[in-house]
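Participant: Pasting a structure here, questions to come.
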Amino acid sequence: MTTLQLDHLKVQLDEGSLVSFKADGHEYIHQVGSPGWGKSDDEMFPIIGPTDEAGFKVKTPKGDAVLDQHGLLRELKYQCVDATETRVVFQKTYTANTPVKNSKFPKKSSEEWLTWPYDFRFQKQFNLKQDALEIEFIITGPEGMPFMLGYHPAFKLHSENPVVVTSKEEIPLKDILAVGSRAYEVANCTEITLKDAKTLRISSQGFGNFMLWTEVTNMLCIEPVSFYPYAVEQKNLDKGFRQLINEPARFKVTFSV
């Protein structure tokens with residue numbers, strides 16, 4: 006376990022996963038083991054969304070990749086490459102076409118091995134600042150590599166009627182629950198405020214959109230995404246790709262209390 010601390014803020018990380026973010030003792034992150042999702046955060050890369058209806062195949066300029074829901078990054082292990090009292094850097098690396106064991110197989114998937122036809126290095130940096138936690142993602146790979154990126158943090162809900170606020174609308178929890186597994190789309194948005202027992206502002210750089218997902222009332226995932234995957238049929242998921250140009254690609258998410 007890695008701990009970052011600055012004044013009234015405290016962060017705990019478990020092998021690159023954000024498992025706790027507290028301000029004055031108030032916990033903002035969903036705790037694994039509580040009802041809801043079995044993780045506290047995750048990354049969706051190099052794709053976002055399910056692939057089962059497309060036979061677990063995703064089109065790329067180098068041929069079909071074999072990927073399960075949200076890609077294969079989540080199947081790799083983070084290594085800590087730098088750390089101070091308020092900052093830590095984790096990294097994953099992948100060599101093109103290396104088979105990666107799919108943890109969903111066989112209970113939740115028929116695909117045992119996942120592959121991607123490009124090398125990449127993926128860094129996740131946590132930086133604790135005054136009244137805020139910055140999380141930066143840095144993607145390095147070959148020029149022209151297609152990719153999507155989504156960050157999937159889960160927030161603990163403390164009140165009975167939490168509300169998500171954007172510049173255009175207020176979204177009650179019941180509306181998010183009603184959408185179900187597809188996730189509630191918040192398009193063309195870079196900042197969201199979660200109004201709960203305490204208020205948390207989630208701002209993003211580079212993503213451009215959010216998805217909101219939960220199936221319980223004690224937890225809410227507020228996910229910055231580069232593409233909303235349910236906008237297309239799974240066989241056309243490649244329509245949501247960006248290209249890696251003038252690497253590295255940088256994305257940032259900030260939690261402000």
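In the working numbering, the protein residues as written are 6 to 262. Just so it is clear, CB atoms sit at the ideal spot from N, CA and C, and this is done for glycine as well.
1) Let me know the beta strand (DSSP E) ranges lying completely inside the region 67-150, each 3 residues or longer, listed in chain order.
2) In terms of alpha-carbon separation, which member of Asp19, Phe256, Thr7 lies closest to Glu139?
3) Return the residue from the list Ser22, Thr7, Asp12 that minimises the CA-CA distance to Pro158.
4) State the Cα-Cα distance for the pair Gln74 and Phe160, rounded to the nearest angstrom.
5) Counting pairs of Cβ atoms below 8 angstroms between the region 103-119 and the region 215-233, do you hit three or more?
6) Apart from the five residues just before and just after Ala59, which ones in its own chain have a Cβ nearer than 6 angstroms to its Cβ?
7) Opposite Pro51 in the DSSP bridges: which residues?
8) Any idea which residues DSSP pairs Tyr233 with across the strands?
9) Could you say which of Asn214, Val105, Arg92, Asp57 lies nearest to Ser172 if we only look at CA atoms?
10) Asp57 by DSSP, collapsed to three states: which one?
11) I need the straight-line Cα distance from Ile53 to Phe142, nearest angstrom please.
12) Taking Gly68 and Met153 to be in contact with their CB atoms under 8 angstroms, please state how far apart those CB atoms are, rounded to whole angstroms.
13) Around the C-beta of Val4, are 16 or more other C-beta atoms found within 10 angstroms, so that it is buried, or is it exposed?
14) Kindly give me the distance between the Cβ atoms of Asp124 and Pro167, rounded to whole angstroms, as I take these residues to be in contact under 8 angstroms.
15) To the nearest angstrom, report how far apart Gln130 and Val94 are at their CA atoms.
16) Mapping the DSSP letters down to three states, classify Ile250 as helix, strand or coil.
17) Express the C-alpha separation of Ala101 and Trp121 in angstroms, rounding to a whole number.
18) Judging by CA-CA distance, which residue of Met216, Tyr83, Leu77 is the nearest neighbour of Phe61?
19) What are the boundary residues of the alpha helix (DSSP H) that includes Leu182?
20) Spatial neighbours of Lys64 within its chain, please: C-beta separation below 7 angstroms, excluding the five flanking residues on both sides.
21) So for Gly245, helix, strand or coil by DSSP?
Facilitator: Considering the structure as presented:
1) As far as the region 67-150 is concerned, its whole beta strand (DSSP E) runs of at least 3 residues are 68-71, 84-88, 92-99, 125-134, 137-145.
2) Cα-wise, what sits closest to Glu139 is Phe256.
3) The residue among Ser22, Thr7, Asp12 with its C-alpha nearest the C-alpha of Pro158 is Ser22.
4) When rounded, the distance between both Cα atoms is 21 angstroms.
5) The region 103-119 is not in contact with the region 215-233.
6) These residues qualify, in order along the chain: Gln239, Lys240.
7) Beta-bridge pairing links Pro51 to no other residue.
8) Under DSSP, Tyr233 shares a beta bridge with no residue.
9) Selection Asn214, Val105, Arg92, Asp57 evaluated against Ser172 yields Asn214 as nearest (Cα-Cα).
10) DSSP places Asp57 in helix when its eight states are reduced to three.
11) Ile53 and Phe142: Cα-Cα distance of roughly 16 angstroms.
12) Actually they are not in contact, since the Cβ atoms of Gly68 and Met153 sit about 18 angstroms apart, beyond 8 angstroms.
13) Any answer about residue 4 is impossible in this case: the structure gives the chain only from 6 up to 262.
14) Not really, about 41 angstroms apart at Cβ, beyond 8 angstroms.
15) Here the alpha carbons of Val94 and Gln130 stand approximately 4 angstroms from one another.
16) In this structure, Ile250 counts as coil in the three-state DSSP scheme.
17) In this structure, the CA atom of Trp121 is about 6 angstroms from the CA atom of Ala101.
18) Relative to Phe61, the option among Met216, Tyr83, Leu77 whose CA is nearest is Leu77.
19) That run of the alpha helix (DSSP H) goes 178-184.
20) Asp243, listed in sequence order.
21) Here Gly245 sits in helix by DSSP.
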